[in-house]
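Here the protein sequences line up with chains A and B, keeping their order.
Counting from 1, position 296 in the first sequence corresponds to residue 296 in the numbering used here; the numbering is continuous, with no gaps.
Counting from 1, position 88 in the second sequence corresponds to residue 420 in the numbering used here; the numbering is continuous, with no gaps.
Glycine included, C-beta positions come from ideal geometry on N, C-alpha and C.
Just so you know, these numbers come straight off a predicted model, no measurement behind them.
Below is one structure, written out as structure tokens, with a few remarks after it.
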Amino acid sequence: MQETYKPTSVLDSFVTVGRSSRRSVPWRWRQWKDVFADHSVRLITTAVSLLALVMGIALLIRAWPILSSRPLGELLFSSTWQPVKGYFGFWPFIMSSILVTLLAMLLAVPCATFSAIYLAEYNHSTRAFFKPVIDMLASIPSVVYGLWGVLFVVPFVRDVAGKWIGETLGAVLPFLANDNPTGYGLLAGGIVLAIMVFPIIVSVTEEVLRSVPQNMREASLALGATHWETTKFVVLRHALPGVIAANVLGFSRAFGETLAVMMVVGNVVQVPHSLFDAAYPLPALIANNYGEMMSIPMYDAALMGAALVLLAVVLVFNVGAQLVLSRLTGRQ
Amino acid sequence: MHNIAPHLSIRNLNVWLDAQHVLKDIAADIPRRCITAIVGPSGCGKTTLLRSLNRLVELGPNVRITGKVLFDDTDIYHPGMDVAEVRTRIGLLAQKPFPLPMSIYDNVAYGPRIHGTARTGLDQTVHSCLQAAQLWDEVADRLKAPATELSAGQQQRLCLARALAVKPDILLCDESTSALDPISARGIEDLLLTLKTDYTIVLVTHDLDQARRLADYVIFLWLGEVIEQGPAADLFENPAQDFTRAYLEREIG
């Protein structure tokens, strides 16, 4: 029975001896610390995650008076917003939010993707300059973007883009017609928002592209593919889930952005029908009105309902993106 | 056998990676339709030499290259040379298999597609290349499955099929069996032996036994310099340099 265990190598016997001797030693302080760390990180993460739930429930409770007194369909899809008379239709705000965000993404996504490709795939020497600049852009306070929008984007839309497009294409295409002489509107909001989310999307996309193994690129190049073919068919394809995640992040950021948009978008309660019409996104509605006119019945509940809608849209969009992502990663 | 014109002639090739002089005045000939093994200890520049034969080496940062690599009397480093064309004619089988992020079929079809081969011939090309890589029987019923589902050995054969699909003249193999289990490795070796009737194969290996099994011609590299080169039988049985003999008998390296 003495021959039951034969170490096959020096290393093997060392490992076994190490294990068995360790088992017999009583628990020490560092093991307690290990258990403590284990539980505390779990506790903190759980607590922070619960916060999302708590926020949702709190909004729901405060919005309940209006949710229970009016049909949901009317709240969401009615265009009549006359708080004094008791009409609360969120439709103009929902449409404004969606349109201004879509416009911003339409402008930002192509630019951001190509910039990220340039930084990650094409130029390694200027990256040391461009990357910090873009990261800095991402951290500029939104009020600065808003001010810049008022000073430059709004006049540009009013005097150049609006005039020119409104007079030429606007005569033919109704969504380009310009009967808003101020410059404050959907286009100005979209441009400011695009500029705001651009650095976020670039930054994340670039990191994602850089994480693609170099060997993957070489495999493609070694087959005689050009640099661009390799980027398009191999790098982007491999990084697609991450690129989508970067854009979802940009979308969520854009959809919830308040201050900068509020400063340039016009804030007129209407469903915008043209690129130059003024709009009134959900976050602007809440920020502009909360704390004022609170004596109007149901007004507080209506604003809470607007916040709930905002939360729900971002949540639905994120869940949807997660589903797409899991299908994509499952396929690869 | 080696008196005919070489397929690749390396002339005064110098490569610096950062400030390090990795390849020093390399002069060597790669004979046509043979397996040429580049042997030498780790860090002697074997892989750099191989990667400079289809200009993959220049992808790294701070690389400087001087000298010539003549491919059928054309310098692949000539400024007017189309790099993609060079890499199409001189393929590479990497150390580890890296399937492209697409299906098995699309991996093999990737090369022909970017080079504009007609859609009608594609199925036939994929079939024959997978067959040549002896993978067809294992994947015939799941060509649309992601290539990452294959085992490492199958992936390496897929990479071989993928390389063959662009119809290269020369195949470079960078320790292409070292990441595989012995059975898969032997499978790749057997494949290379059958392929040498149609392709010129250059093989980097640190495994002298593998070089003995496969090579017709051997280049022995030491600290970035060619110490000795010649037909495998001569070099292994009767090395001209004492240094080579010492390495072969594992006294150095």
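*Could you confirm whether any beta carbon from chain B is found closer than 8 Å to the beta carbon of VAL234 (chain A)?*
Translated into positions along the first sequence, residue 234 (chain A) becomes position 234. Closer than 8 Å: yes.
_Just checking: is the beta-carbon of THR329 (chain A) within a distance shorter than 8 Å of some beta-carbon in chain B?_
Against the first sequence, residue 329 (chain A) aligns to sequence position 329. Chain B, which has no Cβ nearer than 8 Å to the Cβ of THR329 (chain A), makes this no.
*asked:* Classify SER220 (chain A): buried if its beta carbon has 16 or more other beta carbons within 10 angstroms, exposed otherwise.
replied: What you label residue 220 (chain A) is simply residue 220 of the first sequence in a count that begins at 1. So SER220 (chain A) counts as buried.
*Determine, using beta carbons only, whether ILE533 (chain B) and CYS505 (chain B) come nearer to each other than 8 Å.*
Locating residue 533 (chain B) in the second sequence gives position 201, counting from the first residue. Locating residue 505 (chain B) in the second sequence gives position 173, counting from the first residue. Cβ atoms of ILE533 (chain B) and CYS505 (chain B): closer than 8 Å.
*Quick one: measure Cβ to Cβ for LEU223 (chain A) and ALA495 (chain B), integer angstroms, because I've assumed they're closer than 8 Å.*
Counting from 1 along the first sequence, the entry for residue 223 (chain A) is found at position 223. Counting from 1 along the second sequence, the entry for residue 495 (chain B) is found at position 163. Confirmed, about 7 Å.
*Could you name the residues of the segment 381-394 of chain B whose beta carbon sits closer than 8 Å to any beta carbon of chain A, in the order they occur along the chain?*
ASN386, LEU388, LEU391 and PRO393
*Are the CB atoms of LEU107 (chain A) and LEU186 (chain A) nearer to each other than 8 Å?*
One-based indexing of the first sequence puts residue 107 (chain A) at position 107. One-based indexing of the first sequence puts residue 186 (chain A) at position 186. Taking 8 Å as the Cβ cut-off, LEU107 (chain A) and LEU186 (chain A) do not qualify as a contacting pair.
_Give me the residue from A:GLN322, A:VAL154, A:PHE77 and A:THR46 with the minimum Cα distance to ILE244 (chain A)._
Within the first sequence, the letter at position 244 stands for residue 244 (chain A). For the residues A:GLN322, A:VAL154, A:PHE77 and A:THR46, the minimum Cα distance to ILE244 (chain A) belongs to A:GLN322.
*When you compare each of A:GLU218, A:LEU193 and A:LYS163 to TRP148 (chain A) by their alpha carbons, which one comes out closest?*
On the first sequence, residue 148 (chain A) is found 148 positions in, with the first residue counted as 1. Of the candidates A:GLU218, A:LEU193 and A:LYS163, the one whose C-alpha sits nearest the C-alpha of TRP148 (chain A) is A:LEU193.
*The alpha helix (DSSP H) with GLN542 (chain B) in it runs from where to where?*
In the second sequence, residue 542 (chain B) corresponds to position 210, counting from 1. Counting along the chain, the alpha helix (DSSP H) containing GLN542 (chain B) begins and ends at 540-546.
*asked:* Determine, for ILE397 (chain B), whether the minimum Cβ-Cβ distance to residues of chain A falls below 8 Å.
replied: Here residue 397 (chain B) refers to the residue found at position 65 when the second sequence is read from its first residue. With 8 Å as the cut-off, ILE397 (chain B) does not count as an interface residue toward chain A.
*Compute the distance between the beta-carbons of ALA104 (chain A) and VAL154 (chain A), then report whether it is under 8 Å.*
Sequence index remark: in the first sequence, residue 104 (chain A) carries index 104 (1-based). Sequence index remark: in the first sequence, residue 154 (chain A) carries index 154 (1-based). No, Cβ-Cβ distance for ALA104 (chain A) and VAL154 (chain A) is not below 8 Å.
*What residues in its chain sit with their C-beta under 8 Å from that of PRO500 (chain B), if we drop five residues either side in the sequence?*
Sequence index remark: in the second sequence, residue 500 (chain B) carries index 168 (1-based). Answer for PRO500 (chain B): THR420, ARG421, ILE422, GLY423 and TYR531, listed in chain order.
*Check the Cβ of LEU119 (chain A) against every Cβ in chain B and list those closer than 8 Å, keeping chain order.*
Stepping through the first sequence from its first residue, residue 119 (chain A) is reached at position 119. By Cβ distance, chain B contributes nothing, its closest Cβ being about 15 Å from LEU119 (chain A), past 8 Å.
*Could you work out which residues of chain A lie near GLY443 (chain B), taking near to mean beta carbons separated by less than 7 Å?*
Counting from 1 along the second sequence, the entry for residue 443 (chain B) is found at position 111. Here the neighbours are LEU223 and GLY224.
*Considering only C-alpha positions, which residue in the set A:ALA284, A:ALA307, A:LEU173 and A:CYS111 is nearest to LEU275 (chain A)?*
The residue given as residue 275 (chain A) occupies position 275 in the first sequence. Ranked by how close their Cα comes to the Cα of LEU275 (chain A), the residues A:ALA284, A:ALA307, A:LEU173 and A:CYS111 have A:LEU173 in first place.
_chain A within 8 Å of ARG474 (chain B), Cβ atoms only_ = Translated into positions along the second sequence, residue 474 (chain B) becomes position 142. No, no contact with chain A.
_N-terminal and C-terminal residue of the beta strand (DSSP E) that SER139 (chain A) is part of_ = Taking the first residue of the first sequence as position 1, residue 139 (chain A) is located at position 139. Segment: none, SER139 (chain A) is in no beta strand (DSSP E) and carries neither H nor E.
*In this structure, does DSSP put LEU11 (chain A) in helix, strand or coil?*
As a first step, residue 11 (chain A) is located in the first sequence; it is residue number 11 there, counting from the start. Its pLDDT being 49, under 50, LEU11 (chain A) is placed unreliably in this model, and the value from its coordinates should be taken loosely. Residue state, collapsed to three classes: helix.
*Could you give the residue range of the alpha helix (DSSP H) that holds PHE251 (chain A)?*
Within the first sequence, the letter at position 251 stands for residue 251 (chain A). Note, PHE251 (chain A): alpha helix (DSSP H), 236-256.
*Kindly indicate if chain A contains any beta-carbon less than 8 Å away from that of LEU540 (chain B).*
Numbered from its first residue, the second sequence carries residue 540 (chain B) at position 208. With 8 Å as the cut-off, LEU540 (chain B) does not count as an interface residue toward chain A.
*Excluding the five sequence neighbours on either side, which residues of its own chain have a C-beta within less than 6 Å of the C-beta of SER9 (chain A), listed in chain order?*
For the purposes of this step, residue 9 (chain A) is taken as the residue at position 9 of the first sequence. Annotation note: pLDDT 48 at SER9 (chain A) (below 50); position unreliable, no value reported.
*State the DSSP-derived secondary structure class of HIS227 (chain A), mapped to helix, strand or coil.*
Here the question's residue 227 (chain A) lines up with position 227 in the first sequence. Secondary structure at HIS227 (chain A): helix, using DSSP grouped into helix, strand and coil.
_Against PRO433 (chain B), what residues of chain A qualify as contacts under a CB-to-CB distance less than 7 Å, listed in chain order?_
Your numbering for residue 433 (chain B) matches position 101 in the second sequence. Close to PRO433 (chain B), with beta-carbon spacing below 7 Å, are these residues of chain A in chain order: VAL234, ARG237, HIS238 and GLN332.
*asked:* To the nearest angstrom, how far is the alpha carbon of ALA254 (chain A) from that of VAL471 (chain B)?
replied: Translated into positions along the first sequence, residue 254 (chain A) becomes position 254. Translated into positions along the second sequence, residue 471 (chain B) becomes position 139. Looking at the two C-alpha atoms, the distance is approximately 46 Å.
*Starting from the beta carbon of PRO281 (chain A), find every residue of chain B whose beta carbon is closer than 9 Å, and list them in chain order.*
On the first sequence, position 281 is the one that residue 281 (chain A) refers to. The premise fails here: PRO281 (chain A) is roughly 38 Å from chain B at the closest Cβ pair, so nothing lies under 9 Å.
*asked:* What are the residues in the segment 484-497 of chain B lying within 9 Å of chain A by C-beta distance?
replied: Those would be CYS491, ARG494, ALA495 and ALA497, in chain order.
*Evaluate the contact criterion for the segment 297-307 of chain A versus the segment 110-122 of chain A: three or more CB pairs, one atom per stretch, below 8 Å.*
no
*Where the alpha helix (DSSP H) containing GLN31 (chain A) begins and where it ends*: What you label residue 31 (chain A) is simply residue 31 of the first sequence in a count that begins at 1. Where GLN31 (chain A) is concerned, the enclosing alpha helix (DSSP H) starts and stops at 29-69.
*Going along chain B, which residues have a C-beta under 9 Å from VAL95 (chain A)?*
Looking up residue 95 (chain A) in the first sequence gives position 95. As written in the sequence, residue 95 (chain A) is Met, which differs from the Val given in the question. Near MET95 (chain A) there are no residues of chain B at all, since even the closest Cβ is about 38 Å away, more than 9 Å.
*ASN215 (chain A): first and last residue of the uninterrupted alpha helix (DSSP H) it sits in*: Position 215 of the first sequence holds residue 215 (chain A). It spans 214-221 - the alpha helix (DSSP H) in which ASN215 (chain A) sits, taken as one unbroken run.
*Mind checking if ILE446 (chain B) is an interface residue toward chain A, Cβ cutoff 8 Å exclusive?*
Here residue 446 (chain B) refers to the residue found at position 114 of the second sequence. Yes, because at least one Cβ of chain A sits closer than 8 Å to the Cβ of ILE446 (chain B).
*Please work out which residues of its chain come closer than 6 Å, Cβ to Cβ, to LYS131 (chain A), disregarding the five sequence neighbours upstream and downstream, and give them in chain order.*
Stepping through the first sequence from its first residue, residue 131 (chain A) is reached at position 131. Correct list: empty, nothing qualifies.
_Below 8 Å on C-beta distance, what does GLU229 (chain A) contact in chain B?_
Residue numbering aside, residue 229 (chain A) sits at position 229 when the first sequence is read from its first letter. Residues of chain B passing the Cβ test: ILE446.
*Interface flag, GLY423 (chain B) vs chain A, CB-CB below 8 Å*: One-based indexing of the second sequence puts residue 423 (chain B) at position 91. Judged by the 8 Å Cβ criterion, GLY423 (chain B) is in contact with chain A.
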